[in-house]
Ligand SMILES: C[S@@+](CC[C@H](N)C(=O)[O-])C[C@H]1O[C@@H](n2cnc3c(N)ncnc32)[C@H](O)[C@@H]1O
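Numbering (this note's numbering), first residue to last: 25 to 225.
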């Protein structure tokens, strides 16, 4: 998601008090879950509200988009939610060996073969994630996109992940789910949401 810079972007970013910082970490030691590509932040904000016993980090590569998430998040005073503005490939330097679960929600599909490396489930990115996980690796992915889903099931398995649960229509399943902005939009259009929960020891 690329946006024209919101007028107040710099003010919002400069006054943000909840950027993740390796030295400070979180006020309470508890499991860390990460969303890569949080977009406007609905999912990570609601997850943090519902699960106070988990520390959440929302990652977004564009500051224009992140500023919209920050504006929502700053309305709450949540000790268990921080954000990072960066490309996911830089995360091993920022949160090495700390994460228990990664959420990939409606990641950009990058349909052209020559852009496959940019997909967040490409072997290159899966390798970066190896350096983030504390012990067991756990990825939960949702998408509207059949091709990205097929590709991801393959790359995850080839990389040694076990596919614990696959759904081709998430909203028909008995799985607790918090909707993202994209999910709301695709669901209104009648598109079924694909879901996979993958783990690697
Ligand atoms: C299609 S949007 C989905 C946003 C949100 N997860 C949702 O479901 O509504 C994908 C988001 O991932 C971000 N993104 C894509 N590649 C990324 C990367 N390598 N590192 C961090 N964020 C990335 C994009 O900037 C965009 O905001």
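No residue lacks a Cβ here, since even glycine has one placed at the ideal position from N, Cα and C.
Inset, instruction - Since I believe residue 99 is in contact with residue 56 (beta carbons under 8 angstroms), could you give me their beta-carbon distance rounded to a whole number of angstroms? - result: Taking the first residue of the chain shown as position 1, residue 56 is located at position 32. Taking the first residue of the chain shown as position 1, residue 99 is located at position 75. At roughly 23 angstroms, the Cβ-Cβ gap does not stay under 8 angstroms, so residue 56 and residue 99 are not in contact.
Inset, instruction - Using beta-carbon positions only, say whether residue 147 and residue 179 come within less than 7 angstroms of one another. - result: By one-based count along the chain shown, residue 147 stands at place 123. By one-based count along the chain shown, residue 179 stands at place 155. It is a contact, given that the beta carbons lie within the stated cut-off.
Inset, instruction - Measure the Cβ-Cβ separation of residue 104 and residue 204 and say whether it is below 7 angstroms. - result: The count along the chain shown starts at 1 and reaches residue 104 at position 80. The count along the chain shown starts at 1 and reaches residue 204 at position 180. Going by beta carbons, residue 104 and residue 204 fall outside the 7 angstroms limit.
Legend entry - From 85, 139, 191, residue whose alpha carbon lies closest to that of residue 63: The sequence position of residue 63 within the chain shown is 39, counting from 1. Closest option to residue 63, Cα to Cα, is 85.
Inset, instruction - Look at the alpha carbon of residue 101 and the alpha carbon of residue 73, and state the distance between them as a whole number of angstroms. - result: For the purposes of this step, residue 101 is taken as the residue at position 77 of the chain shown. For the purposes of this step, residue 73 is taken as the residue at position 49 of the chain shown. Distance from the CA atom of residue 101 to the CA atom of residue 73, rounded to whole angstroms, is 10 angstroms.
Legend entry - Cα-Cα separation between residue 33 and residue 81, rounded to whole angstroms: Locating residue 33 in the chain shown gives position 9, counting from the first residue. Locating residue 81 in the chain shown gives position 57, counting from the first residue. For residue 33 and residue 81, the distance between alpha carbons rounds to 20 angstroms.
Inset, instruction - Return no unless some Cβ of chain D is closer than 7 angstroms to the Cβ of residue 173. - result: Of the protein chains in this structure there is only one, and it is not chain D.
Inset, instruction - Could you spell out where the alpha helix (DSSP H) holding residue 169 opens and where it closes? - result: Position 145 of the chain shown holds residue 169. Counting along the chain, residue 169 falls outside any alpha helix (DSSP H), and DSSP gives it neither H nor E.
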